[in-house]
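Quick notes on the structure that follows.
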Amino acid sequence: MEINYTTKGVCSRRIHIVIEDGIITKVSFEGGCHGNTQGVSRLVEGMKVEDVIKRLKGIKCGFKDTSCPDQLATALEEALANSKLAS
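So in the UniProt record's numbering, the last spot in the sequence shown is 87, and the numbers never skip.
Structure (structure tokens):
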């Protein structure tokens, strides 16, 4: 399953996510702070979707109400809600 999510309220523009059997196998961000988004991507690869949501949901960036990690969690939540993922 591939997800392409357009972010809101952050520097990155899109998040590309690949999920197999409820496990995140690949994440890449378009735009944003390259070192930080690359680090987040590597950390979540191999994790269960639900675990990533629990860890990243609610993280803020400075004075913003969201962050790139929070947007990743939101993208995963939306995919679950739309029954796009089988965990």
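The beta-carbon is built from N, C-alpha and C at its ideal position, and this holds for glycine as well.
None of the values given here were measured: they were computed from a predicted structure.
Annotation for residue 35: no residue places its beta carbon closer than 6 angstroms to its own, counting only its chain and skipping 5 residues before and after. Your pair residue 69 and residue 80 does not check out as a contact, with CB atoms roughly 17 angstroms apart and the cut at 8 angstroms.
Following the DSSP letters along the chain, one finds residue 12 in no alpha helix (DSSP H) but inside the beta strand (DSSP E) bounded by residues 12-20.
For residue 53, the enclosing alpha helix (DSSP H) starts and ends at 49-56.
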